[in-house]
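Listed in order, the protein sequences are those of chains A and B.
Okay, so the first sequence: first residue is -9 according to this note's numbering, each after it adds one.
Okay, so the second sequence: first residue is 16 according to this note's numbering, each after it adds one.
Here's the structure we're looking at; comments come further down.
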Amino acid sequence: MMIESNNNPRGIDIAGLLKESAIAALVALGLTIVMLGLRTVDTTTGLGITTRWPLVAVAVISVFAGRLLFAFRREWKASKGPVSRDRKEEEDRAATIIKRFSTIGGPVFIAFALVLPLMPFADRYVIDIATYVLIYVMLGWGLNIVVGLAGLLDLGYVAFYAVGAYSYALFAFYFDLSFWVCLPLAGLCAASFGVLLGFPVLRLRGDYLAIVTLGFGEIIRIILLNWYKFTNGPDGISGIPRPSFFGLEFKRTAVEGTQTFHQFFDLDYSSMHRLIFLYYLILILALITNFFTLRIRKMPVGRAWEALREDEIACRSLGINPTNTKLTAFALGAMFAGFAGSFFATRQAFISPESFTFIESAVILAIVVLGGMGSQVGVAIAAVLLIGGTELFRGLEEYRMLAFGGLMVAIMVWKPRGLLAHREPTIKLHPDKGPPPEAIKAVTEGEGK
Amino acid sequence: MNRVSSIPPELVIPSGAAPLLTVEHLTMRFGGLLAIDDVSFAAGEGEITAIIGPNGAGKTTLFNCITGFYTPTVGRLTLRARGEAFLLERMDGFRIAQRAHVARTFQNIRLFSEMSVLENLIVAQHNELMKASGFTVTGLFGFRAYRNKEKEATDLARYWLDRVGLTRLADINAGNLPYGDQRRLEIARAMCIKPTILCLDEPAAGLNPKESGGLNNLLNYIKDEHGIGLLLIEHDMSVVMEISDHVIVLDYGSKISDGTSLYVRSDPNVIRAYLGEDETEELPPEIVKDIKSDFDPESRGGI
Chain A
-9 MMIESNNNPR
1 GIDIAGLLKE
11 SAIAALVALG
21 LTIVMLGLRT
31 VDTTTGLGIT
41 TRWPLVAVAV
51 ISVFAGRLLF
61 AFRREWKASK
71 GPVSRDRKEE
81 EDRAATIIKR
91 FSTIGGPVFI
101 AFALVLPLMP
111 FADRYVIDIA
121 TYVLIYVMLG
131 WGLNIVVGLA
141 GLLDLGYVAF
151 YAVGAYSYAL
161 FAFYFDLSFW
171 VCLPLAGLCA
181 ASFGVLLGFP
191 VLRLRGDYLA
201 IVTLGFGEII
211 RIILLNWYKF
221 TNGPDGISGI
231 PRPSFFGLEF
241 KRTAVEGTQT
251 FHQFFDLDYS
261 SMHRLIFLYY
271 LILILALITN
281 FFTLRIRKMP
291 VGRAWEALRE
301 DEIACRSLGI
311 NPTNTKLTAF
321 ALGAMFAGFA
331 GSFFATRQAF
341 ISPESFTFIE
351 SAVILAIVVL
361 GGMGSQVGVA
371 IAAVLLIGGT
381 ELFRGLEEYR
391 MLAFGGLMVA
401 IMVWKPRGLL
411 AHREPTIKLH
421 PDKGPPPEAI
431 KAVTEGEGK
Chain B
16 MNRVSSIPPE
26 LVIPSGAAPL
36 LTVEHLTMRF
46 GGLLAIDDVS
56 FAAGEGEITA
66 IIGPNGAGKT
76 TLFNCITGFY
86 TPTVGRLTLR
96 ARGEAFLLER
106 MDGFRIAQRA
116 HVARTFQNIR
126 LFSEMSVLEN
136 LIVAQHNELM
146 KASGFTVTGL
156 FGFRAYRNKE
166 KEATDLARYW
176 LDRVGLTRLA
186 DINAGNLPYG
196 DQRRLEIARA
206 MCIKPTILCL
216 DEPAAGLNPK
226 ESGGLNNLLN
236 YIKDEHGIGL
246 LLIEHDMSVV
256 MEISDHVIVL
266 DYGSKISDGT
276 SLYVRSDPNV
286 IRAYLGEDET
296 EELPPEIVKD
306 IKSDFDPESR
316 GGI
């Protein structure tokens, strides 16, 4: 059927299309009869069955129509003869657009993020979601070091986030330390856990590494859940102290002998002050992560990470120590997760192991992959889409995850390498100009050989 | 004179050059398979030493032992260069490149294909740059020492790009280069670790006659201008016979011949290994002549 239509580009084989769609509809019928058509219900005499045939009809008809539409579009395209535009050319054009977008998009995003709390529509809800999104932007950028740059697939990234959150909560609980002392400590703790995980898994690659890191993530969560005496188990830790603004608390009334934020600046008390402060705090933390990543990419260690991602054997033949290089990637990625974790703890004022399940790791990884591995702006956009998007779809209730899944499938079909997959070299011999046109021509001709 | 005569005969270098790499009683066993069986030879300083042999003779295994990808079962590998001696069989894989500066290329090209050509050459200078960047700490804050070192590294990269004719393509992804350019880039990358010895695993594989002629010139240039030793695995006999000072022939993991290319070409052991035991007479004479002429660059005419 396909071959015929290819040989004869002008005519569209309507009967063939209908047949193809009918087969698809038949498959849909077979599936939906059981999955949608029949439903078990509790009746007084035991388990009964109700039928929902209209639902089945809707599903089958939509599959038929959808398939027909896709097939018709495909045939119609084929009937116009071979595609005139060069695929390569199209890719190049896309690359230039992405490149321009990446350079302009970054500053625009940052500027927007900076003025967001001053906007008229920025109420408590908006600031809350924006803060939440920024946590994931920061986590995405942190994981990007491990997955995007070093190419180590880490499915247990949330473990380091948990370590960061719990180290702040526990330091504050047992030693009464303030947020600003705990922040670096939490980063340090998470980084040590990164090294701890890194050592045994260094010899593993790809799928095996993914499985071990997945296990590590679960181990951390289960320890937190079961070590009741130390972590308070499933009850979690509450009453985690809030951060202060250079020693000024965000409270209605000051503790004896101190001033609160609104007293010092002579403002009326508003609970928004704290929220906006938290928003700017995570924004700064996220931007630090971003600038650090951008800068370290141009350092020898950053280039070694990327080289390791490309070919570990070649790296060894050039005298690069793969162990140390991987460990630094793990440790630095974990450190940023630790920072984000301690911010999470201080924002929520309550943490429990429930916040650090595998689905969190999956979401963070999805952000990195959808954004385009290694692309900073892409990761930010993906975080906004996925986290902000799921918030927007909150009205859909149980269909929210369906929309989430649909969005992910759509991006993967439309842009399999991520939204903004474009890599700029970290150093150039011919800056600004790019390679001369005849050089590109030489390469294209060479490929044709 | 006495010292020279005390060198075991298998370690004599035909030209009498100083030994750069000596391999003594190297044996490599994989379970029940004996890949290399008691091989000894020496490669001279400033010379091109070719290792040839039929498929499965153990040439690449030998390379992997020298460059630290395998730890030999038995044997001693000594590299004497720049006033130091290294026992390679006792060093970790990557340290052989880091400390002893043994560089290698691969049979199936291993470039960092998603990185630019220039970046490939900068990554090769990782260890020096790492030191200059204060192990990332001072580099991160933009100290001058690192910036200067990076400029130096770029200059070295440009030097080798000029040599292999890829300067124009420096900012293109290495994976987008045509095959022949990728082969040359891999050699340039290996040269960027400032090697004492360069091990090339079939550098002429898949090159057309013009490109393999260019390769000969490049290898000769490296030998003459940089005075380092080259160790070469090659199937293309025109390359081997034209540029090597010293040829070692392996078959079934054992060394069967060792000498100048002229000597090896006429060694009955070698001819037997390539043509088979007693089948020489059974083959039609023109085929035998064809195979023999493979060893003889002059008879290859214009190719």
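By construction, the Cβ of each residue, glycine as well, lies at the ideal position given by its N, Cα and C atoms.
Mapping DSSP to helix, strand and coil, what is residue i?
{"i": "B:Ala65", "result": "strand"}
{"i": "B:Gly317", "result": "In this predicted model, B:Gly317 has a pLDDT of only 42, less than 50, meaning its place in the structure is not dependable enough to derive any value."}
{"i": "A:Lys288", "result": "coil"}
{"i": "B:Lys270", "result": "strand"}
{"i": "A:Pro190", "result": "helix"}
{"i": "A:Ser228", "result": "strand"}
{"i": "B:His40", "result": "strand"}
{"i": "A:Arg57", "result": "helix"}
{"i": "B:Asn70", "result": "coil"}
{"i": "A:Leu410", "result": "coil"}
{"i": "A:Glu239", "result": "strand"}
{"i": "B:Arg178", "result": "helix"}
{"i": "A:Asp3", "result": "coil"}
{"i": "A:Asp113", "result": "coil"}
{"i": "B:Glu99", "result": "strand"}
{"i": "B:Pro34", "result": "strand"}
{"i": "B:Ser55", "result": "strand"}
{"i": "B:Ile28", "result": "coil"}
{"i": "A:Leu8", "result": "helix"}
{"i": "B:Phe84", "result": "coil"}
{"i": "A:Asp32", "result": "strand"}
Rounded to whole angstroms, what's the CA-CA distance from residue i to residue j? Just pull it up for me.
{"i": "A:Met391", "j": "A:Gly138", "result": "25 Å"}
{"i": "A:Trp295", "j": "A:Lys9", "result": "52 Å"}
{"i": "A:His420", "j": "B:Leu184", "result": "9 Å"}
{"i": "B:Pro34", "j": "B:Thr93", "result": "10 Å"}
{"i": "A:Arg64", "j": "A:Gly6", "result": "13 Å"}
{"i": "B:His116", "j": "A:Phe99", "result": "47 Å"}
{"i": "B:Leu176", "j": "A:Ala180", "result": "43 Å"}
{"i": "A:Arg299", "j": "B:Leu230", "result": "29 Å"}
{"i": "A:His412", "j": "B:Ser131", "result": "13 Å"}
{"i": "B:Arg18", "j": "B:Gly31", "result": "Bear in mind that a pLDDT of 44 at B:Arg18, under 50, signals an unreliable position, so the number given afterwards is only what the model happens to contain. Cα to Cα, the separation comes out at about 13 Å."}
{"i": "A:Ile87", "j": "A:Gly368", "result": "13 Å"}
{"i": "B:Asp52", "j": "B:Arg105", "result": "19 Å"}
{"i": "A:Met493", "j": "A:Asn134", "result": "Outside the shown range of chain A (-9 to 439) lies residue 493 of chain A, about which nothing can therefore be said."}
{"i": "A:Thr22", "j": "A:Val48", "result": "10 Å"}
{"i": "A:Phe150", "j": "A:Ile401", "result": "28 Å"}
{"i": "A:Gly224", "j": "A:Pro343", "result": "Reading off the sequence shown, one finds Pro at residue 224 of chain A, where the question assumed Gly. Cα-Cα distance, rounded: 6 Å."}
{"i": "A:Thr347", "j": "A:Leu397", "result": "22 Å"}
List the residues of chain B whose Cβ lies closer than 8 Å to the Cβ of residue i, in chain order.
{"i": "A:Arg293", "result": "Met130, Glu134, Ile137, Val138 and His141"}
{"i": "A:Arg90", "result": "Within chain B, no residue comes near A:Arg90; the closest Cβ sits about 18 Å away, beyond 8 Å."}
{"i": "A:Pro312", "result": "Phe109"}
Return the Cβ separation of residue i and residue j in integer angstroms, given the expectation that the two are a contact with Cβ distance under 8 Å.
{"i": "A:Gly132", "j": "A:Phe326", "result": "3 Å"}
{"i": "A:Ile210", "j": "A:Ala155", "result": "Not confirmed; about 11 Å, so no contact."}
{"i": "B:Met145", "j": "A:Val291", "result": "7 Å"}
{"i": "B:Met256", "j": "B:Ser276", "result": "5 Å"}
Give me the chain B residues within the contact set of residue i, using Cβ-Cβ distance strictly less than 9 Å, ordered along the chain.
{"i": "A:Glu296", "result": "Phe127, Glu129, Met130, Glu134 and Val138"}
Whose Cβ in chain A lies nearer than 7 Å to the Cβ of residue i?
{"i": "B:Arg159", "result": "None at all; the shortest Cβ gap to chain A is about 15 Å."}
{"i": "B:Gln122", "result": "Near B:Gln122 there are no residues of chain A at all, since even the closest Cβ is about 12 Å away, more than 7 Å."}
{"i": "B:Arg119", "result": "Ser307"}
{"i": "B:Ile208", "result": "Leu308 and Gly309"}
{"i": "B:Ala203", "result": "What B:Ala203 touches in chain A: nothing, since even the nearest Cβ is about 12 Å away."}
Just the chain A side, please: which residues come within less than 8 Å of residue i by C-beta, in chain order?
{"i": "B:Phe101", "result": "Near B:Phe101 there are no residues of chain A at all, since even the closest Cβ is about 13 Å away, more than 8 Å."}
{"i": "B:Gly108", "result": "Arg306"}
{"i": "B:Ala50", "result": "None at all; the shortest Cβ gap to chain A is about 18 Å."}
{"i": "B:Thr82", "result": "Ser307"}
{"i": "B:Arg173", "result": "Leu419"}
Give the residues of chain B in contact with residue i, contact being defined as C-beta atoms less than 7 Å apart.
{"i": "A:Ile303", "result": "Arg125"}
{"i": "A:Glu300", "result": "Phe127, Ser128, Glu129 and Met130"}
Cβ closer than 9 Å: which chain A residues qualify as neighbours of residue i?
{"i": "B:Thr169", "result": "Ile417 and Leu419"}
{"i": "B:Ala112", "result": "Arg306, Ser307, Leu308, Gly309 and Ile310"}
Original post:
What are the start and end residues of each continuous beta strand (DSSP E) run of 3 or more residues lying completely inside the region 193 to 276 of chain B, in chain order?
Top reply: 212 to 216, 244 to 248, 261 to 266 and 269 to 274
Original post:
Which runs of the alpha helix (DSSP H) fall wholly inside the region 120 to 158 of chain B and span at least 4 residues, in chain order?
Top reply: 132 to 138, 141 to 147 and 152 to 155
Original post:
At which residue ranges does the region 253 to 324 of chain A contain complete alpha helix (DSSP H) runs of 4 or more residues, listed in the order of the chain?
Top reply: 262 to 286, 290 to 300 and 302 to 307
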